[in-house]
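*Asks:* This structure is in structure tokens; I'll ask about it shortly.
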Amino acid sequence: MKKIIALATLLTLTACQSAYYSAMEKVGVHKRDILIDRVEEAKESQQESQQEFQTAFERLSTLINFDGGELQTVYEQLNDDYVASKKSAEDVSSRIDAVEDVAQALFEEWQDELEQYSNAKLKRDSQRKLSATQRQFDQLLRSMRRSESKMDPVLTALNDNVLYLKHNLNAQAIAAIKGEFTSLKRDIKTLMSEMNKSIADSNKFIEQMNKP
353 MKKIIALATL LTLTACQSAY YSAMEKVGVH KRDILIDRVE EAKESQQESQ QEFQTAFERL
413 STLINFDGGE LQTVYEQLND DYVASKKSAE DVSSRIDAVE DVAQALFEEW QDELEQYSNA
473 KLKRDSQRKL SATQRQFDQL LRSMRRSESK MDPVLTALND NVLYLKHNLN AQAIAAIKGE
533 FTSLKRDIKT LMSEMNKSIA DSNKFIEQMN KP
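Counting in the working numbering, the sequence shown runs from 353 upward without gaps.
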């Protein structure tokens, strides 16, 4: 039953997207334009997510080096930062899914339309451009998904620290999580590096797509 419901949901979403693309094309906005816009939105989402993760990391650093004051206040700020990071990560994933969806629709349409050519030379040229664009997009998508995969370890570590501090808000608890800090710092660094690469690949792809 669950598989049937999931399939029905997928078919509904696919139908909705197809209707959306058709409606946009009627007003002169084609799948290529939507793809460029969505890549830009995914890039901006990643940039915002970087800021959220960095803020959470800095907050945890402050907590670990805590030297007096109200622990509860710092903990609540860290918890807020974790929630914001989780929400931004979900937005990144959603944006990447949207990019992949329109790209698939664009490439399927492009492939189908190749059969409409009567001029062999123009058909070969269009096929060549389709293949090149698909290769560029595949590289971009791999980069996006790779950076996406690096968010989970960081979120998991942040969540563990927040939960532990929630029930053990004292100097001993802070000392206990210091041992995990090096690992989190490494994961954050890896995440930032992968996101920077994904953002750079996004800019490169947008530039290529905008070329006449």
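For each residue, glycine too, the CB sits at the ideal point set by N, CA and C.
A quick note: this is a predicted structure, and the numbers were derived from the prediction, not measured.
(1) Output the distance between the C-alpha atoms of Glu559 and Thr534, rounded to the nearest integer angstrom.
(2) I want to check one thing, is the minimum distance from the CB of Ser495 to the heavy atoms of the ligand COA below 7 Å?
(3) Over what stretch of residues does the alpha helix (DSSP H) that includes Glu578 continue unbroken?
(4) Helix, strand or coil for Leu517 per DSSP?
(5) Expressed to the nearest angstrom, what Euclidean distance is found between the alpha-carbon atoms of Asn513 and Met544?
(6) Is Lys549 closer than 8 Å to Ser495 when the C-beta atoms are compared?
(7) Please state the DSSP three-state secondary structure of Lys502.
(8) So, helix, strand or coil for Val454, using DSSP?
(9) Can you tell me whether Lys563 is helix, strand or coil according to DSSP?
(10) Check this for me: beta carbons of Ile416 and Ile551, under 8 Å apart or not?
(11) Between the Cα of Ala408 and the Cα atoms of Tyr434, Asp490, Lys530, Ala394, which residue gives the shortest distance?
(12) Give me the residue from Glu461, Tyr516, Lys481 with the minimum Cα distance to Leu412.
(13) When you compare the CB positions of Gln398 and Asp453, do they come within less than 8 Å of one another, or not?
(14) Helix, strand or coil for Gly380? Go by DSSP, reduced to three states.
(15) What is the DSSP secondary structure of Gln429, reduced to helix, strand or coil?
(16) Just to confirm, are Leu492 and Ser554 a CB contact at a threshold of 8 Å?
*Replies:* The structure says:
(1) 38 Å
(2) With respect to the ligand COA, the structure shown offers nothing to examine, as it has no ligands at all.
(3) A question about residue 578 goes unanswered here, because the residues of the chain that appear run from 353 up to 564.
(4) Here Leu517 sits in helix by DSSP.
(5) 20 Å
(6) yes
(7) coil
(8) helix
(9) coil
(10) no
(11) Tyr434
(12) Tyr516
(13) no
(14) coil
(15) Judged by DSSP in its simplified three-state form, Gln429 adopts helix.
(16) Their beta carbons are under 8 Å apart, which means Leu492 touches Ser554 by this criterion.
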